[in-house]
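Each remark here refers to the structure printed beneath this line.
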Amino acid sequence: MSDLIATATPAAPAAPPLIEVENLSVVYRSKGRQVLAVDKASLAIARGRTLGLVGESGSGKSTIASVILGLVPATSGSVTFDGAPLVRKTRAQRAALARRIQAVFQDPFGSMNPTRKIGETLGEMLRYNLQVSAAEVAVRLESILAEVGMGTEVLDRFPSQFSGGQLQRLAIARALVVEPELIVCDEAVSSLDLSVQAQVINLLARLTKARGLTNLFISHDLSVVTYLSDEIAVLFAGQVVERGPAAQVAYHPTHPYTQALVLAAPVPDVQAQAERRASRLDRGHADQAGDAHALRQSCPFASRCPFIIDICRSERPHLVALPSGARVACHVNAPMAMGVMTEASEETGDE
Ligand SMILES: Nc1ncnc2c1ncn2[C@@H]1O[C@H](COP(=O)(O)OP(=O)(O)O)[C@@H](O)[C@H]1O
Ligand code: SF4
Ligand SMILES: [Mg+2]
0 MSDLIATATP
10 AAPAAPPLIE
20 VENLSVVYRS
30 KGRQVLAVDK
40 ASLAIARGRT
50 LGLVGESGSG
60 KSTIASVILG
70 LVPATSGSVT
80 FDGAPLVRKT
90 RAQRAALARR
100 IQAVFQDPFG
110 SMNPTRKIGE
120 TLGEMLRYNL
130 QVSAAEVAVR
140 LESILAEVGM
150 GTEVLDRFPS
160 QFSGGQLQRL
170 AIARALVVEP
180 ELIVCDEAVS
190 SLDLSVQAQV
200 INLLARLTKA
210 RGLTNLFISH
220 DLSVVTYLSD
230 EIAVLFAGQV
240 VERGPAAQVA
250 YHPTHPYTQA
260 LVLAAPVPDV
270 QAQAERRASR
280 LDRGHADQAG
290 DAHALRQSCP
300 FASRCPFIID
310 ICRSERPHLV
320 ALPSGARVAC
330 HVNAPMAMGV
340 MTEASEETGD
350 E
């Protein structure tokens with residue numbers, strides 16, 4: 000990953016968020032069982048900024064993305080886009096949001112229709128979302144392909160004729176050709192080889208910046224998220240346990256789970272890596288979502304935390320704003336007395 004360019008911009012004056020998720024909970028009901036996938040999660044992204052959402056598999060990242068994309072309903076809480084509640088009740092509302100909020104997913108092969116040529120897929124996006132003329136479609140496709148480093152010869156080919164990295168460039172082109180304001184990248188580089196991953200990350204970083212895009216960049220890999228993000232939110236068992244400026248969260252993590260994520264990230268030095276491995280917390284990949292009430296009344300990280308104290312088992316910690324700029328939910332590392340303000344005190348209707 001050494002050829003990645005760091006693109007996070009210095010802290011800008013606070014702008015109103017383009018997207019704001021407040022107290023979002025999502026419960027799936029399947030086979031008579033309720034799964035609490037997202038548990039009162041709050042996050043916000045100012046226009047033109049990138050928020051990295053990181054957490055292990057099953058922590059609820061894709062569920063948050065799905066709510067924003069209108070694929071999964073919120074059980075409670077709210078999502079606000081550009082100052083208005085995110086609703087897609089009418090066809091016109093769905094069409095408008097489909098253009099303004101675009102997504103790039105993990106599997107480039109699965110996300111492209113294998114029976115259609117690239118030109119048809121991209122052209123249809125333009126015609127459906129922007130109602131442009133055939134001549135204008137050709138001009139716009141040439142321009143977006145150039146932006147992702149490809150030529151117009153690809154328009155006549157089928158998805159099976161491309162590598163994963165090339166297809167992911169085309170998926171980015173498809174997302175950006177309709178000039179969205181927000182892009183949701185859900186594990187968009189996770190299936191790629193490391194060298195290709197670096198190229199696609201750099202491409203995303205460049206395009207996000209050049210177009211002033213707002214980016215919700217989701218990955219299980221903290222190092223990937225750190226390169227691209229202005230801010231990072233760390234999700235565990237559906238709860239945001241730490242969030243703040245990217246450098247603060249990635250290099251000076253406060254929450255024990257974020258610390259474990261940092262220790263789990265590979266480092267080039269073999270000896271240092273062995274020491275990290277020996278010292279890191281027992282991770283495992285157990286499904287962390289679970290019974291709503293059991294999780295709500297304790298710290299979600301309690302069963303894996305070496306710093307646990309009695310209160311952690313009986314009281315859920317709330318995000319506390321620390322002088323560092325980070326917000327952390329931990330009774331030990333961010334006790335209420337240490338914070339400037341708790342997230343719970345800003346929220347209404349918290350239990
Ligand atoms: N459609 C579904 N029905 C039931 N449970 C689901 C569904 N989708 C996701 N889950 C569960 O919700 C939790 C969060 O999943 P997900 O949002 O996909 O996490 P992540 O993207 O962080 O891996 C997991 O426990 C997962 O098994
Ligand atoms: S609240 Fe307690 S169990 Fe949870 S992370 Fe902090 S110290 Fe560990
Ligand atoms: Mg996911």
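Heads up: the sequence shown at position 326 corresponds to 325 in numbering that gives the first Met the number 0, and the numbers run straight through without jumps.
Idealized CB from N, CA, C, for every residue including glycine.
Nearest to residue i (by Cα), restricted to the options the options
i, options, result
"residue 153", "103, 169 and 185", "169"
"residue 52", "296, 220, 315 and 338", "220"
"residue 109", "79, 87 and 161", "161"
"residue 99", "146, 70, 22 and 178", "178"
"residue 309", "298, 318, 180 and 319", "298"
"residue 210", "46, 36 and 111", "46"
"residue 128", "116, 101 and 117", "101"
"residue 56", "234, 93, 296 and 90", "234"
"residue 116", "240, 84, 139 and 156", "156"
"residue 322", "124, 247, 135 and 40", "247"
"residue 315", "191, 239 and 163", "239"
"residue 68", "54, 92 and 48", "92"
"residue 192", "151, 174, 229 and 106", "106"
"residue 48", "139, 30 and 182", "182"
"residue 176", "217, 23 and 121", "121"
"residue 338", "259, 186 and 253", "253"
"residue 82", "319, 44, 58 and 119", "44"
"residue 58", "73, 72 and 34", "34"
"residue 320", "201, 263, 244 and 300", "244"
"residue 202", "111, 172, 230 and 229", "172"
Buried versus exposed call for residue i [16 or more other C-beta atoms within 10 Å across all chains shown]
i, result
"residue 282", "Confidence is the limiting factor: at residue 282 the pLDDT is only 36, short of 50, which leaves the residue's position unreliable, though a coordinate-based value still follows. Residue 282 should be labelled exposed."
"residue 50", "buried"
"residue 333", "buried"
"residue 335", "exposed"
"residue 80", "buried"
"residue 16", "buried"
"residue 113", "exposed"
"residue 330", "buried"
"residue 242", "buried"
"residue 18", "buried"
"residue 207", "buried"
"residue 226", "buried"
"residue 306", "exposed"
"residue 135", "exposed"
"residue 84", "exposed"
"residue 255", "buried"
"residue 437", "Any answer about residue 437 is impossible in this case: the structure gives the chain only from 0 up to 350."
"residue 75", "exposed"
"residue 70", "exposed"
"residue 60", "buried"
"residue 30", "exposed"
"residue 1", "Here residue 1 scores only 42 on pLDDT, less than 50, and its place in the model should not be relied on; the value that follows carries that caveat. Burial call: exposed."
"residue 77", "exposed"
"residue 14", "exposed"
"residue 72", "exposed"
"residue 86", "exposed"
Delimiting residues of the alpha helix (DSSP H) encompassing residue i
i, result
"residue 108", "107-110"
"residue 207", "193-209"
"residue 310", "309-313"
"residue 181", "Here residue 181 belongs to no alpha helix (DSSP H); instead the beta strand (DSSP E) covers 181-185."
"residue 258", "255-263"
Extent of the continuous beta strand (DSSP E) run through residue i
i, result
"residue 242", "238-244"
"residue 225", "Where residue 225 is concerned, there is no enclosing beta strand (DSSP E), although the alpha helix (DSSP H) it sits in stretches over 221-227."
"residue 120", "From DSSP, residue 120 is part of no beta strand (DSSP E) but of the alpha helix (DSSP H) over 117-129."
"residue 28", "16-29"
"residue 92", "Element bounds for residue 92: not the beta strand (DSSP E) but the alpha helix (DSSP H), 90-99."
"residue 233", "230-235"
"residue 213", "213-218"
beta-carbon residue i near ligand 4 non-hydrogen atom, thresh 7 Å
i, result
"residue 220", "As presented, the structure is devoid of ligand 4, carrying ligand 1, ligand 2 and ligand 3 as its sole ligands."
Requested in this report: Enumerate, from N- to C-terminal direction, the unbroken beta strand (DSSP E) stretches of 3 or more residues contained entirely within the segment 42-87.
Outcome: 49-53 and 75-80
Report task. Could you please go through the chain and list the residues whose beta-carbon is closer than 5 Å to any non-hydrogen atom of ligand 2? Result -> 255, 298, 300, 301, 304, 306, 307, 311, 316, 329, 330 and 331
**Report entry** Sequence ranges, alpha helix (DSSP H) only - wholly within the segment 129-175, length at least 4
**Finding:** 133-146 and 163-175
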